[in-house]
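*Asks:*
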């Protein structure tokens, strides 16, 4: 279980979380603006504990679309991933950032993927557990409008 504790006056809280599904520990950072309290984000932080095989399985078609589109656009042939259920072998989530944006809370999962070494990976999940962005790392994919994320969002390409 997570505990919220201030590390410094900048109100950034750091912890780690071990994902049973992924099989490794991920750094977790709580970004709290000066005008808000960390308690607002605690419920979202606690929801990470509920991410299970089903949660990660729902991400697989989105990640696989990102993989296929990147190889197609770049003319690459490596790595060869022949099915979406093998995608996690080529992904490494290194950090989860929990933050607010216009009174809504989000988790941004950042990391790397073998098919896009330059731009990496970003997955954004809103406070209700809805995945709102999957694609290359851009800082948060819905910056302009959370209800209509920018080009390159593979949540939108999913049927």
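In the working numbering, the protein residues as written are 151 to 309.
Glycine is no exception: its CB is placed at the ideal position from the N, C-alpha and C atoms.
1. Please determine, among 194, 247, 211 and 207, the residue with the shortest C-alpha to C-alpha distance to residue 177.
2. Within 10 angstroms of the Cβ of residue 196, are there 16 or more other Cβ atoms? Answer buried if so, exposed if not.
3. What three-state label does DSSP hand residue 169 in the structure shown?
4. Evaluate residue 285 with the Cβ neighbour count: other Cβ atoms within 10 Å of its Cβ, from every protein chain shown; 16 or more gives buried, anything less gives exposed.
5. In whole angstroms, what is the alpha-carbon distance linking residue 168 and residue 272?
6. By Cβ distance, which residues of its chain are closer than 7 Å to residue 210, with the 5 residues on each side in sequence left out?
*Replies:* Taking the definition as stated:
1. 247
2. exposed
3. strand
4. buried
5. 19 Å
6. 234, 235 and 237
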